[in-house]
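Numbering (full-length UniProt numbering), first residue to last: 1 to 490.
First the structure, in the form of structure tokens, and then the observations on it.
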């Protein structure tokens, strides 16, 4: 095609014709006087043509399946500074009237603004940033929140929210005035009677309706708050006044190898490194698992179906209890008024652990037990629910006697992200919160005081993603508020 007037008859050029025909200045809109054909000389002077040869072809459009495959294969690179570190973030939402959110401006607003009693979407708790604290653990009770933090000063405990039973310590404000706060609207330090403050670390915190347990690595378990049913693991004192009480108690006569602590409604559990479980507190629904329905103030080992079994997790927000073994088996006891335990019994209460035959659910790694419903997660990242209430499979399913799997696409698993799976689930009394392996948070259930964090206050019948401007790695629920620990994206 060296001649000036060579016609454009090749197949590649014909394809180019259809591609460039719509251009106003296209040479295809002008016919060459010789033989009524197009001139390559004209094309060579046209700027789009200069970057192409007559051998170039226009690729046919990709199908939808090919487009999805191409998007999956593409790599996205984010460039940040060499010394940039991802920052820790704390977000909370739900009922703010108790102070559990920990943002004082909600209850004491500036002049001209109104108080905020319900937070319907994630709000950043900036106190931790101002105090240069890193939150490592969180415990959420009934209207209060307790944080385990670390800083250059060491391990510290902070609490915010309802304090009518001294469940978050003794807080006098102003100091030396005798005015003790029943409500704390911003995280305040909780003093523990540690013998070795510089070397003892706080490893976990758990909160119930009106009591708090604090686990340390060297000095055992400390308790704060209401002990009306022996839930703090000490003798019940008739007429004891719990409010405005500066005393923090230490549990006695318990094993030295406590690895985890769990608080239910008005009962508590201690889990050892050997997988043994000890309980104390209210037992009217059999939730202590000790073979009776009485109150117990001395932590006692639970036997029954879990005797000789290594337990790795205990879940109990209300009065129904789920326990997971190292092999991924599920055991349960306590309240079954809503068919939580109907797989193994017709009774409404069970006072000893029973094995739940859930082999079709696979190996279970996480569990959550709310007021009337339960949830479990297996090694595949699948989530199952059963019980009574808003279970997460739409408005038509409000009762299930056996575990029902929530479809994985509701948690973001799809063709573009086939590896997304659920890794954790927690609950309040009436709502669930799930965490996926890509740091996303999903909520569903009753939206009491905005505890779902979805921006609008209404019940949610299937999992819906919460909009959080950070990657979440830990989730925790109270009865009507939710707290998550996150890392900034960059």
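By construction, the Cβ of each residue, glycine as well, lies at the ideal position given by its N, Cα and C atoms.
Determine, using beta-carbon pairs with one atom in the segment 153–172 and one in the segment 211–224, whether at least three such pairs fall under 8 Å.
yes
Taking Cβ to Cβ, would you say residue 298 is nearer than 8 Å to residue 277?
Their beta carbons are not under 8 Å apart, which means residue 298 does not touch residue 277 by this criterion.
With distance defined between alpha-carbon atoms, name the residue in 97, 419, 194 nearest to residue 120.
If we check each option's Cα against that of residue 120, 97 comes out closest.
Ignoring anything shorter than 4 residues, give me the alpha helix (DSSP H) runs that lie fully in the segment 76–135, in order along the chain.
127–130
Which residue comes first and which comes last in the beta strand (DSSP E) that contains residue 286?
Taken as a continuous stretch (DSSP letters only), residue 286 belongs to no beta strand (DSSP E), as it is neither H nor E.
When the Cα atoms are used, what is the spatial distance from residue 137 to residue 175?
28 Å
Can you tell me where the beta strand (DSSP E) with residue 402 in it begins and where it stops?
399–405
How should residue 394 be labelled, buried or exposed, when 16 other C-beta atoms within 10 angstroms of its C-beta is the threshold for buried?
exposed
Could you tell me which residues DSSP puts in a beta bridge with residue 266?
Its beta-bridge partners do not exist; DSSP assigns none.
Write down every uninterrupted run of the beta strand (DSSP E) in the segment 161–195 whose length is 3 residues or greater and which is fully enclosed by it, in chain order.
For the segment 161–195, whole beta strand (DSSP E) runs of length 3 or above, ordered along the chain, are 183–189.
Any heavy atom of the ligand COA closer than 7 Å to the beta-carbon of residue 115?
For the structure depicted, the ligand COA is absent and the ligand set is empty, with no information on it obtainable.
Taking all protein chains shown into account, do 16 or more other C-beta atoms lie within 10 angstroms of the C-beta of residue 177, making it buried, or fewer, making it exposed?
exposed
At 4 residues or longer, what runs of the alpha helix (DSSP H) sit wholly inside the segment 422–478?
none
CB residue 275 to CB residue 312, shorter than 8 Å?
yes
Could you have a look at residue 21 and say whether DSSP puts it in helix, strand or coil?
In this prediction, residue 21 scores a pLDDT of 45, lower than 50, which makes its location untrustworthy; no coordinate-derived value is stated.
Any idea which residues DSSP pairs residue 321 with across the strands?
333
Where does residue 65 fall in DSSP's three states?
helix
If we ignore side chains and look at the alpha-carbon of each, how far apart do residue 431 and residue 331 end up?
22 Å
Here's a check: name, in chain order, each residue in its chain whose Cβ is nearer than 7 Å to the Cβ of residue 327, leaving out the five neighbours to either side.
none
May I ask which residues mark the beginning and end of the beta strand (DSSP E) holding residue 235?
First-last for residue 235: undefined, no H or E at that position.
Would DSSP call residue 222 helix, strand or coil?
Note: residue 222 maps to strand in three-state DSSP.
Note down, in chain order, each residue of its chain lying with its Cβ closer than 6 Å to the Cβ of residue 87, except the 5 sequence neighbours on either side.
488
Would you mind stating whether residue 445 and residue 145 have Cβ atoms separated by less than 8 Å?
no
Mapping the DSSP letters down to three states, classify residue 358 as helix, strand or coil.
Note: residue 358 maps to coil in three-state DSSP.
Quick check on the burial criterion: 16 or more other C-beta atoms within 10 angstroms. Buried or exposed for residue 359?
exposed
Would you mind stating whether residue 398 and residue 392 have Cβ atoms separated by less than 8 Å?
no
In this structure, what does DSSP give as the bridge partners for residue 388?
399
Does residue 117 pass the burial test, meaning 16 or more other C-beta atoms within 10 Å, or should it be called exposed?
exposed
Could you tell me the boundaries of the beta strand (DSSP E) in which residue 211 lies?
Start and end: 211–216.
Does residue 458 get closer than 8 Å to chain D when you measure Cβ to Cβ?
Absent here is chain D; the protein component of the structure consists of one chain.
Can you have a look at residue 187 and say buried or exposed, based on whether 16 or more other CB atoms are within 10 angstroms of its CB?
Classification for residue 187: buried.
How long is the line joining the alpha carbons of residue 130 and residue 335, rounded to whole angstroms?
43 Å
Is residue 306 helix, strand or coil by DSSP?
helix
Return the Cβ separation of residue 89 and residue 470 in integer angstroms, given the expectation that the two are a contact with Cβ distance under 8 Å.
5 Å
Is the Cβ-Cβ distance between residue 457 and residue 450 less than 8 Å?
In this structure, residue 457 sits near residue 450, with a CB-CB distance shorter than 8 Å.
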